[in-house]
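Visitor:
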């Protein structure tokens, strides 16, 4: 097993973006988000990107369909597609004798002290209490920063409003990662600055949830996300809420990066 | 007649890590309320699928730094996503060949008989949250929703949905053996897997033998020693359960399942970093007596614990975070030592320190 064989399988399973990040890039990271705290012998983090179909954004832009985006474009990819994907990837890594610490999104859980909301979720739980199990360790749960991980893997960068973006797919992509002790050739970190000189997302948001300097006000976004049209769609049983703002921030970002209208 | 080799290839391609096939007659000694034949009377064969739990999702628990990914991925993800998707593909192949494929995933103990203690109610599964919110006042919102199930076929006294013993069925399919801790052990993955099954009226050209290799459980007692709740009896205690498949005998420790439930979900003062020490110290209204050994474990005591600690990980967030992880990690650690079935499987062992962590409280 090497980087090429992992990438080949990942591509066959549907990953449109693939990269391997050097964990040295996380030195100095807040331990609560440091991949090494999950797997101290890890050397690399593998990043995978699965595209969100553009049609889900197009139907929101055309105001013809709002329900499907979080159902299919977020939940189905993060919690279903990536589940199967990550297990299959883990099999390859484990069969070569290495650990595969799977990291998919934890959409409704926040480390203690993280007061942010997740607009896509009906509710988010900030751990009421968390303490280190012994000296020298961070309090659980360690949650990796997907933006920093994507940058380390060379597959994207955290955009101004918190979304991970890249030149190929803009913000129309979901991500998952595997922390591993396998020695793998790593990518150079993502070098593009796609936000430079651009405030398209700031201007696109009807509710003014994004500030050029401060980024996204997640609670304001949460309030707007499912109520932007003056009504709400029924809550899903699985905890996600429909997007009624149409994710105009994402659409504006994509159109800026791609240079065409959706 | 179907080709066993062909079905196994399909299963592995779809996502299973291993597959075993047995004639359903191997389950003929099972009690009616746990006999899969009552699910599908015309069944002739059962197909058992193994889905590995990546050791990496235990890594964060071993380090004491990340608990969420195990229940999220390796419980919910396998049982609800990977296993059903794989069962679908295998079932489709069997039905395309003209036979029926009755697929059965882990349902979190919703059978007509409790898999905790064999009683006719009180159906709980340690990994799943008990609903103690306002919704719980409406019993239909509670996941223990099959208390009123009744037999439907004339002449039978087995109500739907019966839940068969997954681990015994896995043994019957030749996939492994049951260890002292009651966990299914396989030569490939030790205790790290989940299983799912498919029952069919097809017969196969060949069936797997029951595992008869070197014993996987060496009765080392690591699971007994490292269970934070002392839920697993000493091997020499004689407290054990037995079952048989024909001449093949199985035995495992007679685990205090309700206590296991309590410690799996809330772990106690030394193993739960999400509940402050002061809460354990105060033990308000004696709700946490169970953890202090002051009372026996029972469903009623479990409900007290859930209510007392609900704010520290509410049921709506997801599956219970596996804070104890004692028996699984202890078993892996021992099986990775020389002579164990996992020896040499990984470059680095799961445990890189003399003993598992324990909070200084």
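Chains as they are written, first to last, in my numbering: chain A, 217 to 478; chain B, 16 to 376. All residues carry an ideal CB built from backbone N, CA and C; glycine is no exception. Nothing here was measured: the structure is a model prediction, and the numbers come from that model.
Taking residue 259 of chain B as part of the beta strand (DSSP E), name the residues at either end of that continuous run.
Guide: Translated into positions along the second chain, residue 259 of chain B becomes position 244. Note, residue 259 of chain B: beta strand (DSSP E), 255 to 260.
Visitor: Along the alpha helix (DSSP H) that carries residue 264 of chain B, what are the first and last residues, could you check?
Guide: Here residue 264 of chain B corresponds to residue number 249 of the second chain, with the count starting at 1. Not the alpha helix (DSSP H): residue 264 of chain B falls in the beta strand (DSSP E), residues 263 to 268.
Visitor: When Cβ atoms are compared, which residues of the stretch 305 to 333 of chain A fall closer than 7 Å to chain B?
Guide: From the stretch 305 to 333 of chain A, only 306, 307, 310, 313, 314, 315, 316, 317, 318, 319, 320, 322, 324 and 325 have a Cβ closer than 7 Å to chain B.
Visitor: Reducing DSSP to helix, strand and coil, say where residue 245 of chain A ends up.
Guide: As a working mapping, residue 245 of chain A is identified with position 29 in the first chain. Three-state result, residue 245 of chain A: coil.
Visitor: If I measure Cβ to Cβ from residue 462 of chain A and keep anything under 8 Å in the same chain, skipping five residues before and after, which residues do I get?
Guide: Counted from its first residue, the first chain places residue 462 of chain A at position 246. So the qualifying residues of the chain are 273, 276, 277, 279, 282 and 444.
Visitor: Along the stretch 280 to 296 of chain B, what residues have a CB closer than 7 Å to any CB found in chain A?
Guide: For the stretch 280 to 296 of chain B, which is checked against every Cβ of chain A, the residues closer than 7 Å are 288, 289, 290 and 291.
Visitor: For a quick check, are the C-beta atoms of residue 263 of chain A and residue 232 of chain A less than 7 Å apart?
Guide: Counted from its first residue, the first chain places residue 263 of chain A at position 47. Counted from its first residue, the first chain places residue 232 of chain A at position 16. Cβ distance not < 7 Å, so residue 263 of chain A and residue 232 of chain A don't count as in contact.
Visitor: Does the ligand GDP have even one heavy atom less than 6 Å from the beta-carbon of residue 402 of chain A?
Guide: With respect to small molecules bound, the structure shown includes none, and the ligand GDP cannot be examined in it.
Visitor: If you count every other CB in all the chains shown that lies within 10 Å of the CB of residue 75 of chain B, and 16 or more means buried, which is it?
Guide: What you label residue 75 of chain B is simply residue 60 of the second chain in a count that begins at 1. So residue 75 of chain B ends up on the buried side.
Visitor: Could you tell me which chain A residues have their CB closer than 9 Å to the CB of residue 50 of chain B, listed as they occur along the chain?
Guide: By one-based count along the second chain, residue 50 of chain B stands at place 35. None at all; the shortest Cβ gap to chain A is about 31 Å.
Visitor: Who are the near neighbours of residue 396 of chain A in its chain, counting only those whose CB is closer than 8 Å to its CB and skipping five residues on each side?
Guide: Counting from one through the first chain, the residue named residue 396 of chain A turns up at place 180. Hits under 8 Å: 255, 258, 259, 260, 261, 262, 309, 314, 315, 316 and 317.
Visitor: Using 8 Å for Cβ pairs, my map puts residue 312 of chain A next to residue 398 of chain A. What's the rounded Cβ distance?
Guide: By 1-based counting over the first chain, the position of residue 312 of chain A is 96. By 1-based counting over the first chain, the position of residue 398 of chain A is 182. That belief holds up - the Cβ atoms of residue 312 of chain A and residue 398 of chain A are roughly 7 Å apart, short of 8 Å.
Visitor: Can residue 347 of chain B and residue 205 of chain B be called in contact, C-beta distance under 7 Å?
Guide: In the second chain, residue 347 of chain B corresponds to position 332, counting from 1. In the second chain, residue 205 of chain B corresponds to position 190, counting from 1. For residue 347 of chain B and residue 205 of chain B, yes; Cβs fall inside 7 Å.
Visitor: Could you give the distance in angstroms between the alpha-carbon of residue 330 of chain B and the alpha-carbon of residue 224 of chain B?
Guide: The residue given as residue 330 of chain B occupies position 315 in the second chain. The residue given as residue 224 of chain B occupies position 209 in the second chain. Cα to Cα, the separation comes out at about 42 Å.
Visitor: Residue 317 of chain A bridges to which residues according to DSSP?
Guide: Counting from one through the first chain, the residue named residue 317 of chain A turns up at place 101. DSSP, once it has assigned bridges, lists A:395 as partnering residue 317 of chain A.
Visitor: Which runs of the beta strand (DSSP E) fall wholly inside the stretch 326 to 412 of chain A and span at least 3 residues, in chain order?
Guide: Whole beta strand (DSSP E) segments, 3+ residues: 389 to 396.
Visitor: Do you know how far the Cα of residue 213 of chain B is from the Cα of residue 190 of chain B?
Guide: For this step, residue 190 of chain B is matched to residue 175 along the second chain. For this step, residue 213 of chain B is matched to residue 198 along the second chain. So the two alpha carbons sit approximately 14 Å from each other.
Visitor: For residue 290 of chain A, does the three-state DSSP call read helix, strand or coil?
Guide: Here the question's residue 290 of chain A lines up with position 74 in the first chain. Residue 290 of chain A: helix per DSSP, three-state reduction.
Visitor: In the DSSP output, what is residue 192 of chain B paired with across the bridge?
Guide: Indexing the second chain from 1 puts residue 192 of chain B at position 177. DSSP, once it has assigned bridges, lists B:200 as partnering residue 192 of chain B.
Visitor: Considering only residues of the stretch 420 to 466 of chain A, which uninterrupted alpha helix (DSSP H) runs meet the minimum length of 4 residues and lie entirely inside it, listed in chain order?
Guide: Runs of the alpha helix (DSSP H) inside the stretch 420 to 466 of chain A: 434 to 441.
Visitor: Helix or strand or just coil, what does DSSP make of residue 328 of chain B?
Guide: Here residue 328 of chain B corresponds to residue number 313 of the second chain, with the count starting at 1. Three-state DSSP puts residue 328 of chain B in coil, outside helix and strand.
Visitor: Just to confirm my understanding: we take residue 147 of chain B, look at its own chain, exclude 5 residues before and 5 after, and list those with CB closer than 8 Å. What are they?
Guide: For the purposes of this step, residue 147 of chain B is taken as residue 132 along the second chain, with counting starting at 1. Residue placement at residue 147 of chain B is flagged as unreliable, the pLDDT there being 48, under the threshold of 50; the coordinate-derived value follows with that caveat. Cβ neighbours of residue 147 of chain B beyond the five flanking positions: 318, 321, 322, 325 and 330.
Visitor: Using a Cβ-Cβ cutoff of less than 7 Å, which residues in the same chain neighbour residue 310 of chain B once the five nearest sequence positions on both sides are dropped?
Guide: Position 295 of the second chain, counted from the start, is the residue given in the question as residue 310 of chain B. So the list reads 304 and 316, once near-sequence residues are dropped.
Visitor: Hey, is residue 80 of chain B's beta-carbon within less than 7 Å of any beta-carbon in chain A?
Guide: Your numbering for residue 80 of chain B matches position 65 in the second chain. Closer than 7 Å to some Cβ of chain A, the Cβ of residue 80 of chain B qualifies, so yes.
Visitor: Going by the beta-carbon positions, is the gap between residue 215 of chain B and residue 114 of chain B smaller than 7 Å?
Guide: In the second chain, residue 215 of chain B corresponds to position 200, counting from 1. In the second chain, residue 114 of chain B corresponds to position 99, counting from 1. Yes. Within cutoff.
Visitor: Can you find a CB in chain B that lies within less than 7 Å of the CB of residue 242 of chain A?
Guide: Counted from its first residue, the first chain places residue 242 of chain A at position 26. Not one chain B Cβ lies under 7 Å of residue 242 of chain A.
Visitor: With contact counted as at least three CB pairs below 8 Å, one residue from each stretch, are the stretch 417 to 431 of chain A and the stretch 463 to 470 of chain A in contact?
Guide: In short, these stretches touch, since the Cβ pair count reaches three.
Visitor: Taking DSSP as the reference, what is the three-state secondary structure of residue 271 of chain B?
Guide: On the second chain, residue 271 of chain B is found 256 positions in, with the first residue counted as 1. Coil, per DSSP.
Visitor: Who pairs with residue 19 of chain B in a beta bridge, going by DSSP?
Guide: In the second chain, the residue the question calls residue 19 of chain B occupies position 4. None; residue 19 of chain B has no bridge partner.
Visitor: Between the C-alpha atoms of residue 195 of chain B and residue 308 of chain B, what's the straight-line distance to the nearest angstrom?
Guide: For the purposes of this step, residue 195 of chain B is taken as residue 180 along the second chain, with counting starting at 1. For the purposes of this step, residue 308 of chain B is taken as residue 293 along the second chain, with counting starting at 1. C-alpha separation (whole angstroms): 23 Å.
Visitor: Any beta-carbon of chain A closer than 7 Å to the one on residue 306 of chain B?
Guide: Taking the first residue of the second chain as 1, we reach residue 306 of chain B at position 291. Output row for residue 306 of chain B: interface = no.
Visitor: Just to make sure I have the definition right: I need the residues of chain B whose C-beta is within less than 8 Å of the C-beta of residue 504 of chain A. Which are they?
Guide: Outside the modelled stretch of chain A, which goes from 217 to 478, sits residue 504 of chain A, for which no answer is possible.
Visitor: Going by Cα to Cα distance, which pick from B:48, B:354 and B:208 is closest to residue 175 of chain B?
Guide: As a first step, residue 175 of chain B must be located in the second chain, where it is residue number 160. Ranking B:48, B:354 and B:208 by Cα distance to residue 175 of chain B puts B:48 first.
Visitor: Which residue's Cα is closest to the Cα of residue 374 of chain B: A:300, A:271, A:349 and A:319?
Guide: Against the second chain, residue 374 of chain B aligns to sequence position 359. For the residues A:300, A:271, A:349 and A:319, the minimum Cα distance to residue 374 of chain B belongs to A:349.
Visitor: Verify whether the separation of the beta carbon atoms of residue 342 of chain B and residue 235 of chain B is less than 7 Å.
Guide: Sequence index remark: in the second chain, residue 342 of chain B carries index 327 (1-based). Sequence index remark: in the second chain, residue 235 of chain B carries index 220 (1-based). Cβ distance not < 7 Å, so residue 342 of chain B and residue 235 of chain B don't count as in contact.
Visitor: Starting from the C-beta of residue 94 of chain B, find all residues in its chain whose C-beta is less than 7 Å away, skip the five residues before and the five after it, and write them out in chain order.
Guide: On the second chain, position 79 is the one that residue 94 of chain B refers to. Contacts found: 120, 121 and 209.
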